Amino acid sequence: MPGARLALSGITRTYQRGDVPVPVLHGVDLEIGEGERVSIMGRSGSGKSTLLNIIGCLDAPTSGRYLFGDEDVAGFDDDRLSMLRRTSIGFVFQSFHLLSGLTVVENVGLPMEYAHVSPRARHARAVELLELVGLAHRHDHRPNELSGGERQRVAIARSLANEPRLLLADEPTGALDSRAQDVILSLFETVHTRFGTTMVVVTHDERVAHALGDRVLHMSDGRFA
Ligand SMILES: Nc1ncnc2c1ncn2[C@@H]1O[C@H](COP(=O)(O)OP(=O)(O)OP(=O)(O)O)[C@@H](O)[C@H]1O
Ligand SMILES: [Mg+2]
């Protein structure tokens with residue numbers, strides 16, 4: 157399955173704090189081609205995570221149009237958004253978001269459990285993905301027995317569980333030292349070469365932005381500069 161093609165136009169997002177509307181995105185236009193890699197930089201508070209959450213269907217825009225392939229997802233309700241998320245989108249976060257009560261292989265298999273894949277197939281694919289990220293030998297460890305870089309590799313394996321057409325990462329190297337960062341950068345490279353996944357990465361780090369992006373975009377005050 158090729159990477160997803162995305163087209164966002166006039167995307168706004170206004171949060172509501174009590175009675176006070178807080179406008180954060182002010183009309184974002186963005187087109188991303190199949191298998192393209194885009195990095196997003198910008199000051200803290202400029203709206204990067206807000207936009208990434210919309211792109212990842214974790215949140216819906218207040219207004220605007222969002223085409224995921226040929227489908228306009230801006231009008232999707234929560235159920236349809238979570239279905240699209242489950243089948244087509246992988247997410248990697250700065251703080252890994254692994255479940256501490258599950259082993260490594262169970263964490264990687266979790267998205268497949270939500271997608272009703274059988275336990276046996278789940279386990280086999282999780283082990284395969286752990287091999288891809290170089291952590292098969294750690295499959296029965298708990299996340300707290302791993303280094304930060306290793307945890308992020310598990311999180312990347314998990315993000316690939318359902319063969320996403322779109323991979324999103326919010327500060328994926330923010331919590332890592334430079335050696336662990338390099339491992340993660342080359343892993344994203346491997347994933348892209350192997351699967352042709354469309355990728356959008358938010359980062360504060362210029363080096364990471366250029367390593368992971370065919371294009372580097374700059375956000376400022378809720379729009380692209
Ligand atoms: N749930 C929310 N309710 C109200 N305001 C919010 C909410 N989430 C984010 N904001 C506000 O929206 C603005 C943009 O936040 P966002 O997290 O998108 O920034 P960011 O560019 O990702 O920043 P950082 O680089 O620090 O992660 C901030 O001013 C933030 O306070
Ligand atoms: Mg953020």
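For the sequence shown, position 204 matches number 360 in this note's numbering, and the numbering has no gaps at all. Just so you know, even glycine gets a beta-carbon here, dropped at the ideal spot from N, CA and C. Being a predicted model, the structure only gives us computed values, none of them experimental.
Residue i CB to nearest heavy atom of ligand 1 below 8 Å
i	result
Tyr171	yes
Arg199	yes
His360	yes
Val356	no
Leu164	no
Met375	yes
Sequence-distant residues of the same chain with beta carbon closer than 7 Å to residue i, five excluded per side
i	result
Arg278	Gly265, Met268 and Glu269
Pro177	Thr170
Phe224	Ala160, Leu162 and Leu240
9 Å Cβ cutoff met for residue i and residue j
i	j	result
Val339	Gly369	no
Leu373	Ile196	yes
Phe380	Asp185	yes
Ser200	Asp326	no
Ala160	Arg350	no
Ala311	Leu258	no
Leu332	Leu323	no
Val358	Leu341	no
Pro158	Gly330	no
Gly378	Leu208	no
Contacts around residue i, its chain only, beta-carbon distance under 6 Å, and the 5 residues preceding and following it disregarded
i	result
His297	Val260
Val229	Tyr222
Arg309	Val289 and Leu291
Pro299	Leu254, Ser256 and Arg307
Ala271	Arg242 and Asn318
Cβ of residue i within 9 Å of any chain C Cβ
i	result
Leu186	No chain C appears in the structure shown, which is made up of a single protein chain.
Status (buried if at least 16 other CB within 10 Å, exposed otherwise) for residue i
i	result
Ser219	exposed
Pro386	Absent from the structure is residue 386, since the part of the chain shown begins at 157 and ends at 381.
Gln172	exposed
Arg193	buried
Same chain, Cβ closer than 8 Å to residue i, five either side skipped, listed in chain order
i	result
Gly283	In the sequence on display, residue 283 carries Val and not Gly. Hits under 8 Å: Val261, Ala292 and His295.
Can you list, in chain order, every residue whose CB sits closer than 7 Å to a heavy atom of ligand 2? Lys204, Ser205, Asp326, Glu327 and Val358
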